[in-house]
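A.B. asks:
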Amino acid sequence: MDGISQPSPINEEAASKFRAHRNRSLDTQEYLSGIFSGNRTILSKAITLVESSLPSHQAQAQEIIAECLKLSTETGSHTKGHTSHANSIRIGITGVPGVGKSTFIEALGIHLTSKGHKLAVLAIDPSSSRSKGSILGDKTRMEELSVDANAFIRPSPASGSLGGVARKTRETIVLCEAAGFDVIFVETVGVGQSETTVHSMVDFFLLLMLAGAGDELQGIKRGIIEMADAIVINKADGDNLAKAKIARVEYANALHLFPPPGSGWIPEADICSARTKMGIDHVWELIMEHRKVTGETGFFHLRRMEQNRQVFRETIEAGLHDHFFNRSEISHHIASLETEIMNGRLNPYQAAQEMLEKYYRMF
Ligand code: GDP
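All residue numbers in the sequence shown are consecutive under this note's numbering, ending with 524.
1. Taking Cβ positions, are Ala413 and Ile386 nearer each other than 8 Å?
2. Go through the residues and name those whose CB comes closer than 6 Å to any heavy atom of the ligand GDP, in chain order.
3. Report the three-state DSSP secondary structure of Ile254 (helix, strand or coil).
4. Should Met466 be labelled buried (16 or more other beta-carbon atoms within 10 Å of its own) or exposed?
5. Under 6 Å Cβ to Cβ from Ile448, same chain only, skipping five residues before and after it: list those, please.
6. How do the segment 340-352 and the segment 484-503 stand: do at least 3 beta-carbon pairs fall below 8 Å, yes or no?
7. For Ile394, tell me which candidate among Ala372, Met388, Val410 has the shortest Cα-Cα distance.
8. To test your reading of the DSSP string, which unbroken beta strand (DSSP E) runs of 3 or more residues are found completely within the segment 403-453?
9. Going straight from the alpha carbon of Gly259 to that of Arg251, what length do you get?
10. Could you tell me the alpha carbon to alpha carbon distance between Gln354 and Glu478, rounded to whole angstroms?
11. Quick one: grab the DSSP three-state call for Ile314.
12. If we ignore side chains and look at the alpha-carbon of each, how far apart do Leu269 and His451 end up?
13. Which value, in whole angstroms, describes the spacing of the CA atoms of His278 and Gln167?
14. According to DSSP, is Glu304 helix, strand or coil?
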């Protein structure tokens with residue numbers, strides 16, 4: 162005997178309505194009011210929209226970003242009552258894997274949220290975050306911060322090119338600021354190009370380092386040190402404390418060898434322990450001091466305007482690139498010319514010229 166079949170405990174009709182509601186795409190106004198009221202679910206959805214490559218999503222994302230930018234004094238009208246871009250601070254944090262970036266972000270982050278700040282933590286990891294362990298937003302990283310009501314952690318957009326990732330991260334910063342986050346961290350793994358990219362979107366660039374034996378400047382390229390507004394030597398605890406103090410002096414000396422950056426700010430070297438939290442409050446004081454000094458010299462504003470100018474250029478370049486490569490006539494022709502080049506039958510300069518002329522003739 163099978164007995165009487167039981168009805169499903171789920172009301173299918175209600176469940177499907179609920180699912181439809183949850184998956185329904187929001188209109189621009191719904192996104193905006195959600196973002197402006199600090200609704201994190203809607204903020205997350207808006208960021209997903211920004212990260213989408215679908216043209217319809219991109220168009221809506223641009224509408225949303227344009228409205229969010231209106232909050233900023235930098236681009237014109239200023240709406241009172243919202244956190245505007247001018248009230249936010251964007252901090253880039255870099256350092257080699259293992260230097261303690263996530264531990265540091267957690268320690269400084271908790272320090273900030275306990276002072277009443279609202280913190281968004283973003284990341285740039287162009288080497289596609291998915292396959293590696295060191296992803297921001299990984300469950301094991303930033304355990305306390307990830308459940309902090311005043312912190313919002315978003316992993317790196319998983320798109321291929323650094324330029325693409327950077328664009329999405331810049332737009333995400335705008336959305337987070339419109340949602341009331343007044344401190345933005347942008348983390349990057351310290352491996353090459355991505356530091357320059359992060360530097361180009363932040364107000365303060367922090368380089369985390371370790372005290373090592375031998376030549377202190379070996380590990381990291383001179384160019385990166387030159388970009389730093391502060392070098393902070395982490396893991397200054399236990400047996401490492403004395404070494405860290407020596408390294409601090411060496412870095413401070415190295416920083417003084419570089420010409421003054423014109424901002425009125427002289428880059429500093431400092432020590433901290435993200436684990437014991439020693440020196441974390443001092444790092445924040447340093448950042449606030451930088452904010453004050455560069456505010457007075459006008460450099461804070463100038464740096465953001467210069468970044469906007471760069472975004473303008475990059476957006477045009479990206480648009481031209483897509484306009485060219487997204488045409489099927491072009492991509493087919495490119496593939497056949499590439500075969501010829503690979504076979505040694507075609508001169509690459511001439512081939513490129515031929516390709517461009519074909520493109521120009523389309524208009
Ligand atoms: P990331 O790869 O740069 O994000 O580094 P993590 O934050 O994951 O830290 C790497 C390792 O260093 C972990 O085992 C941390 O516990 C440890 N660590 C981080 N900060 C400190 C510190 O201030 N002191 C000590 N002793 N260890 C630390």
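Cβ atoms here follow ideal geometry from the backbone N, Cα and C, with glycine treated the same way. The structure displayed is predicted, hence computed values, not measured ones.
C.D. replies: Reading from the atomic positions:
1. Cβ distance not < 8 Å, so Ala413 and Ile386 don't count as in contact.
2. Gly256, Pro258, Gly259, Val260, Gly261, Lys262, Ser263, Thr264, Ser295, Asn395, Lys396, Asp398, Ser434, Ala435, Arg436
3. In this structure, Ile254 counts as strand in the three-state DSSP scheme.
4. Burial call: exposed.
5. Phe365
6. No, they do not touch.
7. Ala372
8. 429-432
9. Put simply, the backbone Cα of Gly259 is about 23 Å away from that of Arg251.
10. 18 Å
11. strand
12. 17 Å
13. 52 Å
14. coil
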